[in-house]
Amino acid sequence: MSARHTRRSARPSWGAIRGGSISAEPRINDRIRVPEVRLVGPSGEQVGIVPLAKALELAQEYDLDLVEVAANARPPVCKLMDYGKFKYESAMKAREARKNQAHTVIKEMKLRPKIDPHDYDTKKGHVVRFLKQGDKVKITIMFRGREQSRPELGYRLLQRLAEDVQDLGFVESNPKQDGRNMIMVLGPHKKKTEAMAEAREAQAARKAEAKANPGRSQNASEAEVEAPAEEPAEA
Numbered sequence: 011m012s013a014r015h016t017r018r019s020a021r022p023s024w025g026a027i028r029g030g031s032i033s034a035e036p037r038i039n040d041r042i043r044v045p046e047v048r049l050v051g052p053s054g055e056q057v058g059i060v061p062l063a064k065a066l067e068l069a070q071e072y073d074l075d076l077v078e079v080a081a082n083a084r085p086p087v088c089k090l091m092d093y094g095k096f097k098y099e100s101a102m103k104a105r106e107a108r109k110n111q112a113h114t115v116i117k118e119m120k121l122r123p124k125i126d127p128h129d130y131d132t133k134k135g136h137v138v139r140f141l142k143q144g145d146k147v148k149i150t151i152m153f154r155g156r157e158q159s160r161p162e163l164g165y166r167l168l169q170r171l172a173e174d175v176q177d178l179g180f181v182e183s184n185p186k187q188d189g190r191n192m193i194m195v196l197g198p199h200k201k202k203t204e205a206m207a208e209a210r211e212a213q214a215a216r217k218a219e220a221k222a223n224p225g226r227s228q229n230a231s232e233a234e235v236e237a238p239a240e241e242p243a244e245a
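Numbered as in the numbering used here, the sequence shown ends at 245 without a single skipped number.
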C-alpha cells in the first residue's frame, strides 16, 4: 500500500480522540468498513458497484484517496480524490462565501426639528453614504421642551429628507412618534451584495489606474511645489 494510504490510515479518528463522539469528517481509505461500494472516478464518472478491496486498489493506482461521500446509501458511495486538496479548496470556498456574505446593518442618524441648513446637509451626506453602501438608516428627530408640541416640524423634516434621497432609498417605515422622538426608517434601493460588489470594482479600478500611472500623483505634487509664487500686488 502506498505511503499516502499508510499515513492516512494510521492517523487516529476524531471520534477516537474524543472518546467515541461522532466525527464530521468522512471515512477515507482503510477506515471504510463495508464489503462493497458504489465507486465514482476522479473525473466524476460512474464506475459502478465494486468490492472495497478493488476500490482501494484503484485509489492506490491513481495515487488518490477513497472517500466515502454518501455513507447512508446502499451500498455507500465513494469517490476517488485527493482528500487534502479537496479539504483545502472547500475551506477556501467557505472563506470566500463568508467574505461576500451580506449582513443587514441599520445605521442611525439623529436630527433636531430646527436644524440649521449646514448641519442638515452634513447629516444628509451621511444618510446618502449609508444608502449607497446598501444599509438601512433609522432617522430620529429629537424633540426638546416646547418642541414636543410641534410634531409637524419633525414630520416635515423627515418628508424633506426622504424626498432628497429618494434616488437612493425609500421609506421603509413611515414616521411615527416614539416618546419624545419621531422615527422613520429608510431602506436602500440597492442590495448590500450589489453595493459590496461595486465597491470592490471601484477599488480594483483605482488600483489598476495607480499601477498604470505610478508617477501621476507624485508629478502633480512636485509641480505644485516647483510652481513659482505669485508676486505680491503693488499698492
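From the three backbone atoms N, C-alpha and C, an ideal C-beta is built for every residue, glycine too.
Please read these numbers as outputs of a predicted model, since none were measured by experiment.
When the Cα of residue 127 is compared with those of 167, 73, 157, 154, which residue comes out closest? 167
Here's the rule: buried if 16 or more other CB atoms are within 10 angstroms of the residue's CB, otherwise exposed. What is residue 198? buried
Identify every run of the beta strand (DSSP E) within the stretch 76 to 105, keeping only runs that are complete inside it and at least 3 residues long; order them along the chain. 87 to 91
Counting only beta-carbon separations shorter than 7 Å, does residue 42 have a partner in chain B? The structure shown has no chain B; it contains just one protein chain.
In this structure, how does DSSP classify residue 37 when only helix, strand and coil are distinguished? coil
If contacts are defined as beta-carbon pairs under 8 Å, then residue 67 and residue 37 qualify, I think. What distance do you get, rounded to the angstrom? That belief does not hold up - the Cβ atoms of residue 67 and residue 37 are roughly 17 Å apart, past 8 Å.
What does the alpha-carbon distance come out to for the pair residue 156 and residue 135? 28 Å
For the alpha helix (DSSP H) that contains residue 213, what are its first and last residues? 202 to 222
Identity of the residue in 153, 145, 211 nearest residue 180 by Cα: 145
Simplified DSSP state of residue 124, which is helix, strand or coil: coil
With distances taken between CB atoms, is the gap from residue 71 to residue 59 smaller than 7 Å? The answer is no: Cβ separation not under 7 Å.
Residue 58 in three-state terms, based on DSSP: strand
What span of residues does the beta strand (DSSP E) with residue 197 cover, start to end? 191 to 198
Distance between residue 52 and residue 69 (C-alpha atoms, nearest Å): 9 Å
Give me, in chain order, the residues of the same chain whose beta-carbon lies closer than 6 Å to that of residue 163; leave out the 5 immediate sequence neighbours on both sides. 123
Run through the DSSP bridge pairs and tell me what residue 116 is partnered with. 146
Helix, strand or coil: which one does DSSP assign to residue 50? Residue 50: strand per DSSP, three-state reduction.
If residue 76 and residue 88 are in contact, beta carbons under 8 Å, what's the gap, nearest whole angstrom? 5 Å
According to the Cβ coordinates, are residue 191 and residue 150 closer than 7 Å? yes
Status (buried if at least 16 other CB within 10 Å, exposed otherwise) for residue 48: buried
Nearest residue (CA-CA) to residue 55, options 63, 91, 42: Across the set 63, 91, 42, the C-alpha of 91 shows the shortest separation from the C-alpha of residue 55.
So, with DSSP's three-state summary, where would you put residue 176? It is coil, neither helix nor strand.
Can you tell me which of 165, 206, 40 puts its alpha carbon nearest to the alpha carbon of residue 62? Of the listed residues, the one whose Cα sits closest to residue 62 is 40.
For residue 185, name the three-state secondary structure that DSSP assigns. strand
Does the stretch 204 to 222 touch the stretch 169 to 189, meaning 3 or more C-beta pairs lie closer than 8 Å? Taking 8 Å as the limit for Cβ pairs, the verdict is that the stretch 204 to 222 does not touch the stretch 169 to 189.
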